[in-house]
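To start, the structure itself, in structure tokens.
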Amino acid sequence: MNIRSYTFEEFVERVRAFHGFAAPGVVIGGFMVDLAYQHLPEEGQFNAICETPKCLPDAVQLLTTCTVGNGWLTVVNIGRYAMTLYEKSKGEGTRVSLDALKIEAWPEIKSWFFKLKPKGEQDYQRLMEEIRDAGSMICTIQRVRVAPRFLEKKRRTGFAICPRCKESYPIADGDLCLGCQGEEPYLVLEMRDDPAKSS
Ligand SMILES: [Zn+2]
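Numbering (this note's numbering), first residue to last: 507 to 705.
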């Protein structure tokens with residue numbers, strides 16, 4: 507059972523190198539991406555949506571040209587283990603989700619997915635065997651059309667210098683950058699000199 511152009515073992519190695527360890531969720535995600543492609547036209551440019559930030563985006567980034575950085579992968583955190591690949595101009599595509607009913611037949615996958623056992627008590631070996639044997643049998647497929655906001659061309663509106671932090675930001679965000687409007691994710695503790703100038 508292959509995952510796109512990889513054997514199962516090859517894909518597990520790719521996950522280990524990219525994700526830091528061979529996370530079960532990324533490996534299952536590989537089967538999900540593979541299944542989505544099987545239900546898409548062979549030709550076309552596809553964008554992706556993941557419904558969770560956990561694991562699944564890495565499967566998409568390993569197996570498609572869609573990344574968070576190039577803008578073709580959008581993560582919408584609604585907490586469901588599901589991803590969609592859709593034709594980028596018309597928005598029609600395939601959504602693949604993990605099916606809670608189908609998981610019933612796979613005890614290790616079930617206990618991993620629903621976190622029924624403490625991590626230390628999980629049988630990783632057995633879990634990976636079940637993932638390999640189940641492949642995409644634990645998934646459900648839907649044909650979908652994505653919401654219009656995903657198809658809108660992003661308008662380029664230009665940048666300004668924020669009067670408070672003196673950094674550039676999109677003019678459309680307002681008189682101050684969003685950081686200075688309160689969304690900064692940290693406190694600045696100390697200003698350091700330009701490293702190029704320091705000895
Ligand atoms: Zn600012």
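Think of the CB as a built atom: it goes at the ideal place given N, C-alpha and C, for glycine as much as any other residue.
Since the model is a prediction, treat every value here as computed from it, not as a measurement.
Could you spell out where the beta strand (DSSP E) holding L591 opens and where it closes?
-> Position 85 of the sequence shown, counted from the start, is the residue given in the question as residue 591. Boundaries of the beta strand (DSSP E) around L591: A588 to E593.
How is the alpha helix (DSSP H) around R510 delimited, first residue to last?
-> Residue 510 sits at position 4 when you count from the first residue of the sequence shown. Boundaries cannot be given for R510, as no alpha helix (DSSP H) includes it and DSSP labels it neither H nor E.
Should E673 be counted as a contact of ligand 1 given a C-beta to heavy atom distance under 7 Å?
-> Taking the sequence shown and counting its residues from 1, the one referred to as residue 673 is at position 167. Yes, the Cβ of E673 comes within 7 Å of a heavy atom of ligand 1.
Quick one: using the 10 Å Cβ neighbour count with 16 as the cut-off for buried, is E548 buried or exposed?
-> Counting from 1 along the sequence shown, the entry for residue 548 is found at position 42. Around the beta carbon of E548, fewer than 16 other beta carbons lie within 10 angstroms, which makes this residue exposed.
Near D605, which residues of its chain fall below 7 Å by C-beta distance, leaving aside the five closest residues on each side in sequence?
-> Locating residue 605 in the sequence shown gives position 99, where the first residue counts as 1. Excluding five sequence positions before and after D605, the CB atoms of its chain that fall closer than 7 Å to its own CB belong to I644, C645 and T646, given in chain order.
Should R662 be counted as a contact of ligand 1 given a C-beta to heavy atom distance under 7 Å?
-> What you label residue 662 is simply residue 156 of the sequence shown in a count that begins at 1. R662 Cβ: outside cutoff for every heavy atom of ligand 1.
Own chain partners of E636 with C-beta closer than 7 Å, once the 5 adjacent residues on each side are dropped = Along the sequence shown, one-based indexing puts residue 636 at 130. Short of 7 Å from the beta carbon of E636, and not among the five residues preceding or following it, lie these beta carbons of its own chain, in chain order: W612, E614 and I615.
What span of residues does the beta strand (DSSP E) with P676 cover, start to end?
-> If you number the sequence shown from 1, residue 676 lands on position 170. Per DSSP, P676 belongs to the beta strand (DSSP E) from S674 to P676.
Can you check whether the CB of M589 is closer than 8 Å to the CB of I555?
-> The residue labelled residue 555 in the question sits at position 49 within the sequence shown. The residue labelled residue 589 in the question sits at position 83 within the sequence shown. Result yes, Cβ atoms of I555 and M589 sit closer than 8 Å.
Helix or strand or just coil, what does DSSP make of F527?
-> Residue 527 sits at position 21 when you count from the first residue of the sequence shown. When secondary structure is reduced to three states using DSSP, F527 falls in the coil class, being assigned neither helix nor strand.
What are the boundary residues of the beta strand (DSSP E) that includes L579?
-> To locate residue 579, count along the sequence shown from 1; it is residue 73. Where L579 is concerned, the enclosing beta strand (DSSP E) stretches over L579 to V581.
Answer yes if the region 561-576 comes into contact with the region 529-543, meaning at least three C-beta pairs across the two stretches below 8 Å, and no otherwise.
-> Output reads yes: the region 561-576 touches the region 529-543.
Just grab the DSSP bridge partners of E598 for me.
-> Here residue 598 corresponds to residue number 92 of the sequence shown, with the count starting at 1. Under the DSSP definition of a beta bridge, E598 partners with R651.
Reference E557; option with closest CA among L546, S603 and A640 | Taking the first residue of the sequence shown as position 1, residue 557 is located at position 51. Of the residues L546, S603 and A640, the one whose Cα lies closest to the Cα of E557 is S603.
Buried or exposed: F527, going by 16 or more other Cβ atoms within 10 Å of its Cβ?
-> For the purposes of this step, residue 527 is identified with residue 21 of the sequence shown, where counting begins at 1. So F527 counts as exposed.
Between the Cα of G531 and the Cα atoms of Y630, V650, L695 and T570, which residue gives the shortest distance?
-> The residue you call residue 531 lines up with position 25 of the sequence shown. G531 has its Cα closest to that of Y630, out of Y630, V650, L695 and T570.
Of the choices R638, Q551, I584 and I609, whose alpha-carbon is the least far from that of E598?
-> Along the sequence shown, one-based indexing puts residue 598 at 92. When each option's Cα is compared against that of E598, the closest is Q551.
Exposure of F517, with buried meaning 16 or more beta-carbon neighbours within 10 Å = By 1-based counting over the sequence shown, the position of residue 517 is 11. The residue is buried, with at least 16 neighbouring Cβ atoms inside 10 Å.
Status (buried if at least 16 other CB within 10 Å, exposed otherwise) for Y692 = Taking the first residue of the sequence shown as 1, we reach residue 692 at position 186. Classification for Y692: exposed.
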